[in-house]
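Note sheet for the following structure.
Protein chains: 2
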Amino acid sequence: MSGKVFEILRFEKLDSTMDKAFELAKSGCGEWTVVVAEEQSMGRGRRGRKWVSPRGGLWFSIVLKPKFNPIFLPLVGIATSLSCAEAIEEKFGLKTKVKWPNDVYIDSSKVGGVLVEALYRSGKVEFAIVGVGLNTNVHPQVKGLDAKATSLSRLLGREIDNEELLEYILDKLREYYLMIPDQRENIIRRYLKHMMFKDEIVKISINGRWIYGKLLGIDDLGRIVIRDEEGYVKHLNVGEVERVRRS
Amino acid sequence: MSGKVFEILRFEKLDSTMDKAFELAKSGCGEWTVVVAEEQSMGRGRRGRKWVSPRGGLWFSIVLKPKFNPIFLPLVGIATSLSCAEAIEEKFGLKTKVKWPNDVYIDSSKVGGVLVEALYRSGKVEFAIVGVGLNTNVHPQVKGLDAKATSLSRLLGREIDNEELLEYILDKLREYYLMIPDQRENIIRRYLKHMMFKDEIVKISINGRWIYGKLLGIDDLGRIVIRDEEGYVKHLNVGEVERVRRS
Numbered sequence: 018m019s020g021k022v023f024e025i026l027r028f029e030k031l032d033s034t035m036d037k038a039f040e041l042a043k044s045g046c047g048e049w050t051v052v053v054a055e056e057q058s059m060g061r062g063r064r065g066r067k068w069v070s071p072r073g074g075l076w077f078s079i080v081l082k083p084k085f086n087p088i089f090l091p092l093v094g095i096a097t098s099l100s101c102a103e104a105i106e107e108k109f110g111l112k113t114k115v116k117w118p119n120d121v122y123i124d125s126s127k128v129g130g131v132l133v134e135a136l137y138r139s140g141k142v143e144f145a146i147v148g149v150g151l152n153t154n155v156h157p158q159v160k161g162l163d164a165k166a167t168s169l170s171r172l173l174g175r176e177i178d179n180e181e182l183l184e185y186i187l188d189k190l191r192e193y194y195l196m197i198p199d200q201r202e203n204i205i206r207r208y209l210k211h212m213m214f215k216d217e218i219v220k221i222s223i224n225g226r227w228i229y230g231k232l233l234g235i236d237d238l239g240r241i242v243i244r245d246e247e248g249y250v251k252h253l254n255v256g257e258v259e260r261v262r263r264s
Numbered sequence: 018m019s020g021k022v023f024e025i026l027r028f029e030k031l032d033s034t035m036d037k038a039f040e041l042a043k044s045g046c047g048e049w050t051v052v053v054a055e056e057q058s059m060g061r062g063r064r065g066r067k068w069v070s071p072r073g074g075l076w077f078s079i080v081l082k083p084k085f086n087p088i089f090l091p092l093v094g095i096a097t098s099l100s101c102a103e104a105i106e107e108k109f110g111l112k113t114k115v116k117w118p119n120d121v122y123i124d125s126s127k128v129g130g131v132l133v134e135a136l137y138r139s140g141k142v143e144f145a146i147v148g149v150g151l152n153t154n155v156h157p158q159v160k161g162l163d164a165k166a167t168s169l170s171r172l173l174g175r176e177i178d179n180e181e182l183l184e185y186i187l188d189k190l191r192e193y194y195l196m197i198p199d200q201r202e203n204i205i206r207r208y209l210k211h212m213m214f215k216d217e218i219v220k221i222s223i224n225g226r227w228i229y230g231k232l233l234g235i236d237d238l239g240r241i242v243i244r245d246e247e248g249y250v251k252h253l254n255v256g257e258v259e260r261v262r263r264s
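Protein chains in written order, with the working numbering: chain A, 18 to 264; chain B, 18 to 264.
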């Protein structure tokens with residue numbers, strides 16, 4: 018293979034790396050264009066929530082142009098959160114978990130999250146943007162940061178090299194991404210090793226109501242799979258998962 | 018039910034009703050906002066092709082916010098082209114066909130097409146834009162119009178009331194749209210009645226190569242279903258369909 022795969026564009030400050038990447042994709046930038054911002058003023062999380070993104074953290078979005086069937090799109094988020102979790106574990110020796118679909122945890126504290134947006138056009142994905150936010154060198158007391166959040170520098174007691182971590186994640190993600198068309202079982206198997214609450218009783222909120230069941234894993238389409246109290250196996254594509262503490 | 022369902026916004030001239038609707042959807046407009054342009058300077062067809070849109074035609078885009086599983090999104094295009102075909106047949110007594118996925122034909126001439134774009138965000142469709150272009154009062158010799166295209170006014174020898182036709186289509190589409198979550202077989206059955214080349218031998222171009230087979234219909238996800246020469250049944254989600262003339 019010749020030439021570089023990743024085109025990394027760095028910005029001091031952006032509203033959101035998602036919006037910048039979306040804009041670049043619309044004007045025809047190449048696949049694996051990566052937008053990195055030192056700081057985001059309007060970083061987004063899932064479900065329209067704000068993502069606090071001060072200097073020090075690793076905030077980036079990647080432009081992808083998946084040729085595979087759009088039904089596999091959720092696996093892009095699955096592959097990305099897995100890449101982040103594995104990268105942190107391998108580079109820093111910290112045990113990581115992935116909370117379905119795309120949050121990265123260390124113990125019970127969130128260190129990062131992944132967001133996937135895509136433009137669908139008549140049966141095909143025109144492009145997808147994967148956004149990653151990792152609390153690397155974020156000060157834990159930073160205003161607005163979720164009380165349950167933590168950062169790598171806080172846990173390790175030292176500064177993280179964002180650039181090095183970014184490249185490590187990108188290399189990993191690229192490998193998994195190429196597996197989506199026909200080696201999904203590989204991604205799923207590795208994701209399950211990191212999956213939070215696996216084999217535990219969880220509840221999942223869907224449009225305001227809760228579904229209870231034992232968390233069995235994820236399926237071939239990136240959906241969460243639970244066995245409910247009546248023994249039915251359910252595959253869900255959205256929802257917030259929480260552990261149920263039985264009294 | 019109270020209040021009107023459709024919010025119809027009319028413009029003299031737009032680059033594309035798709036872009037305007039997309040912009041409105043991004044800034045939070047309501048579902049069933051409909052953008053109509055007298056004329057489009059950069060109307061789009063499928064696969065990035067230009068759609069010639071001079072004055073006289075019916076060019077519009079609809080903002081939808083589907084709550085159903087994103088895998089059913091192709092059925093929005095299926096439902097829309099079906100609505101156009103049925104509306105033309107019922108209002109004007111012209112026999113119509115739908116060429117999979119979303120083109121509307123009368124005999125072997127194209128009178129319209131449908132395009133679906135959507136913004137996907139972490140497992141959900143944030144919004145979908147359905148674009149419709151119908152050659153109602155377009156002069157058949159209009160510069161740039163495909164030689165195989167025709168118009169309703171040409172076939173009927175009279176002027177078409179665009180506003181009336183638009184409302185007829187919207188009412189129909191709304192009915193079908195509400196069937197997508199759990200009455201898809203209803204949409205499919207009606208679509209099959211209008212489906213071009215059904216039960217004939219066709220070829221479908223996919224990434225430059227052709228797949229041959231007998232066209233059996235469409236499935237629950239809006240994919241075209243063919244039985245290939247070796248007897249295998251294949252479900253395809255993109256491609257251009259052509260009839261094969263056996264010599």
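Here a beta-carbon is modelled for each residue, glycine too, at the ideal position from N, C-alpha and C. All values derive from a computational prediction rather than experimental measurement.
Length of the line joining the Cα atoms of residue i and residue j
{"i": "R262/B", "j": "K215/A", "result": "56 Å"}
{"i": "I79/A", "j": "G45/A", "result": "14 Å"}
{"i": "V258/A", "j": "G65/A", "result": "17 Å"}
{"i": "H211/B", "j": "L99/B", "result": "8 Å"}
{"i": "G256/A", "j": "K165/A", "result": "19 Å"}
{"i": "I241/B", "j": "K141/A", "result": "14 Å"}
{"i": "S126/A", "j": "E48/B", "result": "38 Å"}
{"i": "K43/B", "j": "W227/A", "result": "29 Å"}
{"i": "S33/A", "j": "K116/A", "result": "23 Å"}
{"i": "E106/B", "j": "S222/B", "result": "29 Å"}
{"i": "P118/B", "j": "Q200/A", "result": "29 Å"}
{"i": "M18/B", "j": "S58/B", "result": "Confidence at M18/B is low in this model, with a pLDDT of 47, below 50, so the placement of that residue should be treated as unreliable; the coordinate-derived value is given next. If I take the Cα positions, the gap works out to 38 Å."}
{"i": "E97/A", "j": "E184/A", "result": "Checking the sequence shown, residue 97/A turns out to be Thr, not Glu. Each residue's alpha carbon lies about 13 Å from the other."}
{"i": "E29/B", "j": "F144/A", "result": "31 Å"}
{"i": "P71/A", "j": "N179/A", "result": "14 Å"}
{"i": "A38/B", "j": "K112/A", "result": "46 Å"}
{"i": "P87/B", "j": "L136/A", "result": "12 Å"}
{"i": "R175/B", "j": "N224/B", "result": "41 Å"}
{"i": "E202/B", "j": "P83/B", "result": "18 Å"}
{"i": "L31/B", "j": "G60/B", "result": "9 Å"}
{"i": "I123/B", "j": "R260/A", "result": "57 Å"}
{"i": "Y193/B", "j": "D236/B", "result": "16 Å"}
Selection from the options that minimises the alpha carbon distance to residue i
{"i": "I204/B", "options": "F89/B, L31/B, S70/B", "result": "F89/B"}
{"i": "L169/A", "options": "E56/A, L26/A, G73/A, V242/A", "result": "G73/A"}
{"i": "V219/B", "options": "L253/B, D199/B, C101/B, V22/B", "result": "L253/B"}
{"i": "V149/A", "options": "L173/A, C101/A, L172/A, Y122/A", "result": "C101/A"}
{"i": "L167/B", "options": "G130/B, D188/B, R244/B, I243/B", "result": "The amino acid occupying residue 167/B in the given sequence is Thr; Leu does not appear at that position. Checking every option, the nearest Cα to that of T167/B belongs to G130/B."}
{"i": "I243/B", "options": "F23/B, K251/B, I25/B", "result": "K251/B"}
{"i": "L41/A", "options": "K30/A, D120/A, L26/A", "result": "L26/A"}
{"i": "G234/A", "options": "E24/A, K82/A, P87/A, I95/A", "result": "I95/A"}
{"i": "K231/B", "options": "L238/B, Y249/B, N224/B", "result": "Y249/B"}
{"i": "L195/A", "options": "R63/A, K30/A, L81/A, E56/A", "result": "L81/A"}
{"i": "V51/B", "options": "E103/B, V147/B, P71/B, D124/B", "result": "V147/B"}
{"i": "R63/A", "options": "E56/A, D120/A, P87/A, L111/A", "result": "D120/A"}
{"i": "E55/B", "options": "D124/B, R207/B, T153/B, R260/B", "result": "T153/B"}
{"i": "V155/A", "options": "L111/A, G60/A, L31/A, V69/A", "result": "V69/A"}
{"i": "G24/A", "options": "D236/A, E202/A, L187/A", "result": "Per the sequence presented here, residue 24/A reads as Glu, with Gly not at that position. When only C-alpha atoms are compared, the closest one is L187/A."}
{"i": "K189/A", "options": "D236/A, G225/A, R207/A", "result": "R207/A"}
Residue interval of the alpha helix (DSSP H) (run including residue i)
{"i": "S170/B", "result": "169-173"}
{"i": "H252/B", "result": "That residue, H252/B, is in no alpha helix (DSSP H); its beta strand (DSSP E) goes 250-253."}
{"i": "L195/A", "result": "179-196"}
{"i": "T34/B", "result": "34-43"}
Whole-angstrom C-beta distance between residue j and residue i, which should lie under 8 Å
{"i": "W76/B", "j": "V53/B", "result": "7 Å"}
{"i": "Y229/A", "j": "E246/A", "result": "6 Å"}
{"i": "M213/B", "j": "K114/B", "result": "4 Å"}
{"i": "I191/B", "j": "V22/B", "result": "The sequence as given places Arg at residue 191/B; Ile does not occur at that position. With 8 Å as the limit, R191/B and V22/B qualify as a contact, their Cβ atoms being about 7 Å apart."}
{"i": "G128/B", "j": "L151/B", "result": "The question names Gly, yet the displayed sequence has Val at residue 128/B. Confirmed, Cβ separation roughly 6 Å."}
{"i": "F85/A", "j": "P198/A", "result": "5 Å"}
{"i": "A104/B", "j": "L182/B", "result": "6 Å"}
{"i": "P91/A", "j": "L209/A", "result": "So it is not a contact: roughly 15 Å between Cβ atoms."}
Segment limits, beta strand (DSSP E) that includes residue i
{"i": "S98/B", "result": "Segment 91-109 is the alpha helix (DSSP H) holding S98/B; no beta strand (DSSP E) there."}
{"i": "K215/B", "result": "No beta strand (DSSP E) holds K215/B; DSSP gives it neither H nor E."}
{"i": "S126/B", "result": "126-138"}
{"i": "R72/A", "result": "Taken as a continuous stretch (DSSP letters only), R72/A belongs to no beta strand (DSSP E), as it is neither H nor E."}
{"i": "W49/B", "result": "Careful: W49/B lies outside any beta strand (DSSP E) and carries neither H nor E."}
{"i": "W227/A", "result": "226-235"}
{"i": "A145/A", "result": "141-151"}
{"i": "I257/A", "result": "Looking at the sequence itself, residue 257/A is Glu, so the reference to Ile does not match. From DSSP, the beta strand (DSSP E) with E257/A extends over 257-260."}
{"i": "E29/B", "result": "24-31"}
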